[in-house]
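Per the working numbering, numbering of the sequence shown is gapless, rising by one per residue and ending at 253.
Worksheet: the structure to be examined is printed underneath.
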Amino acid sequence: MATMTALPAARGPRQDNRRGRLMDAEAKLFSRRGYRATTVRDIAAAVGMLPGSVYYHFPSKGALLLAVYEEGVRRVTRRVDEAVAQAEGPCSSAATMPG
């Protein structure tokens, strides 16, 4: 008779998740040095991690770049949406009313 063994629990987010810190460091280093001149070792050192630990959060340097790019797009979009919402407030609609 076969015995059933429990599967390991899926890995959940760690409490000390440094993904955001990695992304911040990467953005600063890439803007200063460029993508090609910045190594995973540089990014890891900027946040006090071992280089191999970066791969816990991102599968590659390219994936890290993509994550930073996507976050930048989200931030810009949010700011544009906020500016549009303010421009469409009561003051702007009163100025466009027929008089």
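The beta carbon of each residue, even a glycine, is placed where N, CA and C say it ideally should be.
- Each residue's CA atom was taken as its position, placing G174 and A241 some 31 Å apart.
- Non-local C-beta neighbours of M177 in its own chain, meaning closer than 8 Å and more than five positions away in sequence, comprise L218, A221, V222, E225, ordered along the chain.
- Collapsing the DSSP output to three states places A191 in coil.
- Shown here, E242 sits in coil according to DSSP, grouped into three states, outside any helix or strand.
- Secondary structure at S185: helix, using DSSP grouped into helix, strand and coil.
- In the DSSP assignment, G206 falls within the alpha helix (DSSP H) that extends over 205-211.
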